[in-house]
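Numbering (this note's numbering), first residue to last: 2 to 117.
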């Protein structure tokens, strides 16, 4: 099974290069939040799976809730040294997530903006 990376970033500087390297040199499958997926498809021509397609659940609250789902957290938190964790993943159809690439939006300026 190919390794899987979850990418969900606010600041997308250098992301296309990183994602291209992960996919083309290291064989990663890429699971990305909405804006990240769009950028990587359009600018880098990469094949990515949107988080919403991976989980079967749409983004909520104007994109504030994207990755809060058992198919994401289970894939990240499973201990691959524990057979029962691997059995849980297999039973639920959850692929392990090997790498997480995230950065956060600028919190102070966002909460200061009354339109957000």
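Glycine included, each C-beta is placed from N, C-alpha and C at the ideal position.
Asked                                                                                                            : Found
Please report the distance separating the alpha-carbon of residue 28 from that of residue 34.                    : 19 Å
Identify which residue in 52, 37, 2, 22 has its Cα closest to the Cα of residue 72.                              : 52
With 16 as the cutoff for other CB atoms within 10 Å, does residue 82 come out buried or exposed?                : exposed
Are there 16 or more other CB atoms within 10 angstroms of the CB of residue 9, so buried, or fewer, so exposed? : buried
DSSP puts residue 9 in a beta bridge; with which residues?                                                       : 103
I'd like the span of the beta strand (DSSP E) that includes residue 31, first residue to last.                   : 30 to 33
Who are residue 61's beta bridge partners in DSSP?                                                               : 66
Tell me residue 37's beta-bridge partners as DSSP assigns them.                                                  : None; residue 37 has no bridge partner.
Going by DSSP in three states, residue 50 sits in which element: helix, strand or coil?                          : strand
In the DSSP assignment, find the unbroken alpha helix (DSSP H) run with residue 76 in it and report its ends.    : 71 to 78
Alpha helix (DSSP H) containing residue 84: first to last residue?                                               : 84 to 93
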